[in-house]
Amino acid sequence: MLFNMSNNRTVYSFEDYRCSPDPVFELDRRCVSPGPVPVVVDNGSFQCRAGWSSGAPELDYPRLVFRPAAARSRGAARGGAQVGNDIPNPEPLRWTLKSAFDRDTVVNFDIQELVFDYIFMHLGINTQGHVEHPLVVTEPACNPLQCRQMMSELLFECYGVPRVAYGVDSLFSLHQNSPADAGVPPTGMVLSSGHHCSHVLPVINGRLDAVNCKRVNLGGGQAAAYYQRLLQLKYPANQASITLSRMEELLHQHSYIALDYQNELEKWRSPEFYESEVHRVQLPFSGRSAGVCVSAEERSERRAQQLRRIQEINSRRREERILEDQKRLDTLLAVQDLLEDGALELFHRSLVELNMDSAEELQSYIHKLSLSLQQHRLLRAETAEVEPSADEGNELEADLNENEEPGKTSSAAQPMFNVAEYHQLFVGTERLRVPEIIFQPSLIGEEQMGLMETLQFVLEQYSLEQQEALVRNVFLTGGNLQYPGVKERVERELLAIRPFQSHFKVSVAGRPALDSWFGACDWALRSPADAPGWISRQDYEEKGGEYLSEHCASNMYIPMKISKPKHTLSGKHSTDSSHPDASSIQNQSDVSVNVC
0 MLFNMSNNRT VYSFEDYRCS PDPVFELDRR CVSPGPVPVV VDNGSFQCRA GWSSGAPELD
60 YPRLVFRPAA ARSRGAARGG AQVGNDIPNP EPLRWTLKSA FDRDTVVNFD IQELVFDYIF
120 MHLGINTQGH VEHPLVVTEP ACNPLQCRQM MSELLFECYG VPRVAYGVDS LFSLHQNSPA
180 DAGVPPTGMV LSSGHHCSHV LPVINGRLDA VNCKRVNLGG GQAAAYYQRL LQLKYPANQA
240 SITLSRMEEL LHQHSYIALD YQNELEKWRS PEFYESEVHR VQLPFSGRSA GVCVSAEERS
300 ERRAQQLRRI QEINSRRREE RILEDQKRLD TLLAVQDLLE DGALELFHRS LVELNMDSAE
360 ELQSYIHKLS LSLQQHRLLR AETAEVEPSA DEGNELEADL NENEEPGKTS SAAQPMFNVA
420 EYHQLFVGTE RLRVPEIIFQ PSLIGEEQMG LMETLQFVLE QYSLEQQEAL VRNVFLTGGN
480 LQYPGVKERV ERELLAIRPF QSHFKVSVAG RPALDSWFGA CDWALRSPAD APGWISRQDY
540 EEKGGEYLSE HCASNMYIPM KISKPKHTLS GKHSTDSSHP DASSIQNQSD VSVNVC
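Structure, rendered in structure tokens:
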């Protein structure tokens with residue numbers, strides 16, 4: 000959202016999007032007749048998308064899109080957890096949110112079970128004790144066997160699904176964007192970047208070469224945290240307003256990839272370039288600071304209010320002075336009555352208390368007080384408002400003029416402090432510095448190769464002929480590769496990497512964040528129950544939970560002996576020593592790329 004200021008500068012504002020609870024859809028009859036329609040779940044670490052693979056035009060879009068996180072206070076019952084879009088604003092609950100993911104791998108299956116409960120309930124699946132619909136679930140490239148075993152166990156044992164299929168999200172996106180009439184399995188290099196990780200995936204003849212897959216542990220989550228750190232250091236007075244949710248909005252709507260990073264930074268040194276390219280983003284604020292005046296009319300009104308207030312104070316002080324003088328005069332007249340009554344002893348005692356020496360002094364003081372009171376009463380009767388005295392007028396004038404600059408009249412417009420501008424973020428070089436971390440992880444202190452260095456390393460593992468085939472189809476996908484200029488940057492880097500006069504082609508997914516779901520949906524429509532890729536209940540029981548039926552968008556399966564984890568009496572996943580923790584599972588994903 001943006002609006003124009005009076006000086007023709009565009010000022011953007013944060014949308015501060017609030018999630019609204021998803022409705023509970025009624026189960027469409029086309030989803031159960033003539034047979035149960037598969038449910039497609041793009042199980043991403045930033046957003047989870049779920050819907051039907053029915054082929055009906057009304058159902059060809061994800062019905063549910065939500066953040067796969069749960070918020071549950073300590074000691075709360077399982078039913079009291081908030082999941083997905085039931086959390087309207089994640090910022091107040093940021094420190095209580097729990098995700099099923101460690102980087103891009105599912106390791107917390109208690110939260111994953113809550114996510115599946117949320118999906119099945121809102122899609123209208125209300126069959127008791129089991130889910131009769133097949134399931135297509137995305138998983139990361141080179142997913143550890145232990146994680147797939149626990150996922151299969153959750154789906155078959157807890158939900159009783161008839162069959163399930165696993166596929167890599169970026170490979171689904173590749174097949175979704177490949178020409179349908181080509182008739183030849185695609186060969187190319189897939190560059191994908193998500194919320195936590197980025198991947199370089201070589202695809203040869205339509206199948207993933209898992210041996211040479213590489214992962215860079217950087218994504219949109221690290222970029223948003225870097226954005227927050229930069230702007231909080233730049234605007235320490237607004238640290239509380241610079242939240243991660245707002246930084247994600249800046250990342251998605253205001254950032255871009257520089258074609259030449261160093262040259263682009265040099266351009267930002269020019270004041271003219273800075274004024275034309277900086278994005279001013281308004282933070283929310285309320286009220287106005289003391290002393291703020293933006294126009295001559297408001298200054299005049301403020302002066303009039305000060306005059307009225309001071310006149311009221313002076314009038315009240317005069318009334319108090321008159322009352323005190325009248326009380327003093329009454330006391331002196333009472334002492335004079337003692338002299339007229341002949342009480343000489345009491346009269347002299349009263350004179351001592353009043354610090355007076357004689358009756359003549361008493362008479363003189365009474366005469367002065369009487370004249371003073373008479374003058375005040377006459378003045379109050381003549382005018383309704385008493386003008387301030389000369390001394391008070393001088394003090395008032397000094398008070399009103401102390402904020403005025405010398406040499407300027409009160410009617411002239413003065414340059415004033417702008418509260419709205421004080422609460423603005425001037426997003427300049429941060430627009431290109433933050434997304435640059437996927438190409439230069441050293442900017443945030445990460446000792447890793449960037450995305451293009453990783454691509455060069457992977458290409459070097461192949462022969463020259465295979466390299467030529469791979470670079471002719473470099474495919475970019477993922478929610479963290481939607482920045483303007485990313486395609487041109489990859490082409491420039493490839494031009495520097497590849498030999499002279501070599502040919503390459505870079506393409507971007509039509510919907511980088513959604514094509515993985517649409518690709519999985521199309522695969523489910525083309526694959527009947529007996530097609531390769533589906534894992535039935537019988538396969539699960541005979542071959543184990545780690546079993547994977549390979550297909551065009553799946554990981555490579557190499558069977559290994561995996562011990563089955565123990566269970567508690569309640570049927571939930573055990574947390575004893577036989578159940579590997581997140582770090583051990585993640586280490587397996589890091590070091591055993593070719594074991595999946």
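Taking numbering that gives the first Met the number 0, the leading residue of the sequence shown gets 0, the next gets one more, and so forth.
All residues carry an ideal CB built from backbone N, CA and C; glycine is no exception.
Every value quoted in this text rests on a predicted model; they were computed, and no experiment measured them.
For residue i and residue j, which I take to be in contact (beta-carbon distance under 8 Å), what is that distance rounded to the nearest angstrom?
i	j	result
E112	L153	6 Å
E490	V507	Actually they do not touch by this definition, with Cβ atoms about 11 Å apart.
H251	G218	Going by Cβ atoms, the distance from H251 to G218 rounds to 13 Å, so no, they are not a contact pair.
R279	V106	That pair is no contact at about 41 Å.
R432	L442	7 Å
F65	Q46	7 Å
L282	T428	Their Cβ separation, rounded to whole angstroms, is 19 Å, which puts L282 and T428 out of contact at 8 Å.
Y539	S197	In fact, because the Cβ distance is near 32 Å, the residues do not count as touching under 8 Å.
L173	P184	About 11 Å; that fails the 8 Å criterion.
Please name the residue in the options whose C-alpha comes closest to that of residue i.
i	options	result
L463	H253, R307, E359, S501	S501
V470	G193, I203, E248, A68	I203
G83	E271, P67, E459	P67
K542	Y556, F425, T95, S349	Y556
R379	S244, I321, A295	I321
I436	C47, P201, A224	A224
F115	F155, R307, P87	F155
S191	V160, E446, R525, L454	L454
G123	R29, E459, Q374	R29
L493	P511, E467, R510	E467
T476	Q374, L200, N354	L200
V39	P161, E296, S53, E359	S53
M601	P531, L331, S369, H375	Look at the range of the chain in this structure, 0 to 595, and you will see that residue 601 is not part of it.
Y421	P527, N554, Y234	Y234
Specify, as a first and last residue, the run of the alpha helix (DSSP H) that residue i falls within.
i	result
R525	514-525
I496	485-496
C47	Not the alpha helix (DSSP H): C47 falls in the beta strand (DSSP E), residues 47-51.
H174	168-176
T126	That residue, T126, is in no alpha helix (DSSP H); it is neither H nor E in DSSP.
R536	536-542
K326	295-339
N244	It should be noted that the sequence gives Ser, not Asn, for residue 244. First-last of the alpha helix (DSSP H) with S244: 243-253.
Which word fits residue i, buried or exposed, when buried means at least 16 other C-beta atoms lie within 10 angstroms of its C-beta?
i	result
A411	Low confidence applies to A411: its pLDDT is 42, below 50, so where it sits in the model is not reliable enough to give any reading.
K213	buried
G290	Unreliable placement is indicated for G290, whose pLDDT of 45 sits below 50; the coordinate value is still reported in the next sentence. By the neighbour-count rule (16 or more Cβ atoms within 10 Å), G290 is not buried but exposed.
R17	exposed
Q537	exposed
P405	Only weak support is given to the placement of P405: the predicted model assigns it a pLDDT of 47, under 50, and the question is left unresolved by the model.
Y117	buried
N125	exposed
E247	buried
I312	exposed
Q460	exposed
S275	exposed
E271	exposed
S285	exposed
L63	buried
G182	exposed
E297	exposed
D103	buried
In the DSSP assignment, the beta strand (DSSP E) including residue i goes from what residue to what residue?
i	result
V36	Segment: none, V36 is in no beta strand (DSSP E) and carries neither H nor E.
E138	134-138
S192	187-192
L424	423-426
V473	473-476
A69	68-70
Q281	278-281
S12	9-12
I203	197-203
Does the distance from the CB of residue i to the CB of residue j come in under 8 Å?
i	j	result
D41	D168	yes
V135	A419	no
V485	H253	no
N479	G50	no
W522	G166	yes
V215	F474	no
V36	H129	no
R488	I256	yes
L243	Q227	yes
N554	A140	yes
Closer than 7 Å to a non-hydrogen atom of the ligand FAD - does that hold for the CB of residue i?
i	result
I557	Annotation note on the ligand FAD: not contained in the displayed structure, which lists no ligands.
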